[in-house]
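For reference, the structure discussed in these notes is given below.
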Ligand SMILES: [Zn+2]
Ligand SMILES: [Zn+2]
């Protein structure tokens, strides 16, 4: 099991406390797993990932704690174009780029693109009367290098064509 160096470990205990949550080992492990770039597992993938790291956790514990962490705003979820709910705990401002064929998700950082930042989009969106828009999450879609080059191993597009 690869040890995380103390120097690079984020302050998950502090983040939990800051969100008004009790520190528990499952919560810390889940936060640590999700707090990296380009990591957007489904609950099952997260469960398998934690088990692979040698951590004995149950799938229902993963589900329950994801809900708690989501409600506290420490992680958020989104549906990918294939309809899978994926979780994200990466804290730098970003949007997502999803491959329509295989579902691979990449983070698109917006620190250097102020016009694409969540707050900037929220401010400029032509919102319906009476709405107070506070954020925006953009899902860019495309084909990853593997899928667009047609290399073997790439999966066929699974997305349904919307009915017209
Ligand atoms: Zn792909
Ligand atoms: Zn992300």
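Numbering (our numbering), first residue to last: 1 to 164. Note that beta-carbon positions come from the ideal geometry of N, C-alpha and C, so glycine has one too.
Which residue from 72, 38, 120 puts its Cα closest to that of residue 86? For the purposes of this step, residue 86 is taken as residue 86 along the chain shown, with counting starting at 1. Just measuring C-alpha positions, the residue of 72, 38, 120 sitting nearest residue 86 is 38.
So, are the CB atoms of residue 31 and residue 69 less than 8 Å apart? Counting from 1 along the chain shown, the entry for residue 31 is found at position 31. Counting from 1 along the chain shown, the entry for residue 69 is found at position 69. For residue 31 and residue 69, yes; Cβs fall inside 8 Å.
Chain-ordered residues, beta carbon under 5 Å from a heavy atom of ligand 2: 88, 90, 107
If you drop the 5 nearest sequence neighbours on each side, which residues of the same chain put their C-beta closer than 8 Å to that of residue 143? Start at 1 with the first residue of the chain shown, and residue 143 comes out as number 143. Taken in chain order, the residues that qualify are 99, 100, 101.
For residue 8, collect the residues of the same chain with a Cβ closer than 8 Å to its Cβ; drop the 5 residues on either side in sequence, then sort them by chain order. Position 8 of the chain shown, counted from the start, is the residue given in the question as residue 8. Bear in mind that a pLDDT of 38 at residue 8, under 50, signals an unreliable position, so the number given afterwards is only what the model happens to contain. Counting only Cβ-Cβ distances below 8 Å, and skipping sequence neighbours, we find nothing.
Look up residue 143 in the DSSP assignment and say whether it is helix, strand or coil. Residue numbering aside, residue 143 sits at position 143 when the chain shown is read from its first letter. Residue 143 falls in the coil class under three-state DSSP.
Span of the beta strand (DSSP E), counted from its first residue to its last, around residue 105: For the purposes of this step, residue 105 is taken as the residue at position 105 of the chain shown. Where residue 105 is concerned, the enclosing beta strand (DSSP E) stretches over 105–109.
Would you kindly check if the distance between the Cβ of residue 78 and the Cβ of residue 22 is under 8 Å? For the purposes of this step, residue 22 is taken as residue 22 along the chain shown, with counting starting at 1. For the purposes of this step, residue 78 is taken as residue 78 along the chain shown, with counting starting at 1. No, these two residues do not count as a Cβ contact at 8 Å.
Are the CB atoms of residue 140 and residue 96 within a distance shorter than 8 Å? Along the chain shown, read from residue 1 onward, the residue named residue 96 stands at position 96. Along the chain shown, read from residue 1 onward, the residue named residue 140 stands at position 140. A contact, by the Cβ cut-off of 8 Å.
To the nearest angstrom, report how far apart residue 52 and residue 63 are at their CA atoms. Here residue 52 refers to the residue found at position 52 of the chain shown. Here residue 63 refers to the residue found at position 63 of the chain shown. Cα-Cα distance, rounded: 17 Å.
For residue 98, which of helix, strand or coil comes out of DSSP? As a first step, residue 98 must be located in the chain shown, where it is residue number 98. Residue 98 falls in the strand class under three-state DSSP.
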